[in-house]
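Just below is one structure, and these are the notes that go with it.
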Amino acid sequence: MSPYSVKVRSYFRFKGIPHRWLPRNADTMADYQKHAKLPIVPLVVTPEDEGVQDSTPIIERLEASFREPSIHPEDPTLRFVSELLEEFGDEWGNKWMFHYRWARSVDQESCAGRIARGAMPRADESQHAAMAAQVRERMVGRVWFVGSSEQTAPQIEASFAETLELLETHLAGRPYLMGARPCFGDFGLWGQIYNAWTDPTPGALVESRAPAVLEWCQRMLFPRVEGEFESWESLSPTLMPLIDQQVGRLFVPWTLANAQAIEQGQEEFSVELAGQTWSQKPQKYHAKSLRALFEKYAKLEDRRQVDGILECARCLDAFSGAAG
């Protein structure tokens, strides 16, 4: 149910890291509360009994210990693009998933019911129904958290449809985003689209419009090395349109405006995205992950190729300005 939890589980499976998958429910809550510092999932408990949270730091920490098979291309340009797509998936892709999950009655009922049954596996139907109603009411009232509103709904849904179309073209010729093995970007972007696929409305869109994306969703449940990463030259004809139209035109302007709103203490902000006004309350956590992405860019020894990609996507100034 959590895009970030399945993201980490997919990574564990890819690495062959022994683990147990435990849903957070009445049976596991005491152990969860013992190790969790924040009320979020996923929570990874190490053999040393340490609790680790937040999907991106979890994966980055484990990658340092379980180096093979690596999720990072050796080419620094490809690695940064992969990290950029991972951030895009985590932060912008979450808008698609969360909006679709709670915007329409059919999706609200489907998801709230699954959450209730998972949280209380031994409860009866009346108890499930009561909890599902509570979950539905609470979550529908929280769509503002990702910026979903009557104003932004058409923008979110258009972005999802366009991303499916762009990914369909790109994945028609390869099993993963960067070739024949999964990269960091696969895990971040997949977690959101996979979860959207499990809900009725966006799931129907994936199945009717994007068969290659659907195969990728299924493949990433148990990802494996099927070959090597490709070069940027072979990837760019179909990957660059995604970076340009979704990352450069939508995600980067939004994330900069969000960070500025937090810095200035604003309760709400507005920004023009592809000619349309987007308004929402700031997402405070996202500013932290944006800083981490800027730090990765600043550490690049040779930025020329990356800068060319960012310039084509009309977002070079955002990164070069942050790098100093």
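Numbering (our numbering), first residue to last: 60 to 383. Cβ atoms here follow ideal geometry from the backbone N, Cα and C, with glycine treated the same way.
Rounding to the nearest angstrom, what Cα-Cα distance links residue i and residue j in this structure?
i, j, result
"residue 378", "residue 367", "12 Å"
"residue 194", "residue 157", "14 Å"
"residue 208", "residue 346", "21 Å"
"residue 151", "residue 186", "35 Å"
"residue 295", "residue 307", "15 Å"
"residue 374", "residue 139", "14 Å"
"residue 91", "residue 83", "7 Å"
"residue 277", "residue 113", "24 Å"
Considering only their Cβ atoms, is the gap separating residue j from residue i smaller than 8 Å?
i, j, result
"residue 144", "residue 247", "yes"
"residue 142", "residue 352", "yes"
"residue 271", "residue 224", "no"
"residue 242", "residue 288", "yes"
"residue 85", "residue 190", "no"
"residue 221", "residue 305", "yes"
"residue 199", "residue 155", "no"
"residue 349", "residue 314", "yes"
Would you call residue i buried or exposed, if buried means 16 or more other Cβ atoms sit within 10 Å of its Cβ?
i, result
"residue 257", "buried"
"residue 281", "exposed"
"residue 334", "exposed"
"residue 203", "exposed"
"residue 234", "buried"
"residue 127", "exposed"
"residue 74", "buried"
Under DSSP, the beta strand (DSSP E) around residue i begins and ends at which residues?
i, result
"residue 264", "Unbroken run through residue 264 is the alpha helix (DSSP H), 259-268; no beta strand (DSSP E)."
"residue 330", "328-332"
Locate the alpha helix (DSSP H) running through residue i, then write down its first and last residues.
i, result
"residue 155", "153-162"
"residue 214", "212-230"
"residue 110", "Per DSSP, residue 110 belongs to no alpha helix (DSSP H); it is in the beta strand (DSSP E), 110-112."
"residue 249", "243-256"
"residue 349", "343-357"
Tell me residue i's beta-bridge partners as DSSP assigns them.
i, result
"residue 288", "238"
"residue 336", "331"
Compare the C-beta of residue i with all C-beta atoms of chain D and state if any pair is closer than 8 Å.
i, result
"residue 143", "Given the protein chain composition of this structure (a single chain), no chain D is represented."
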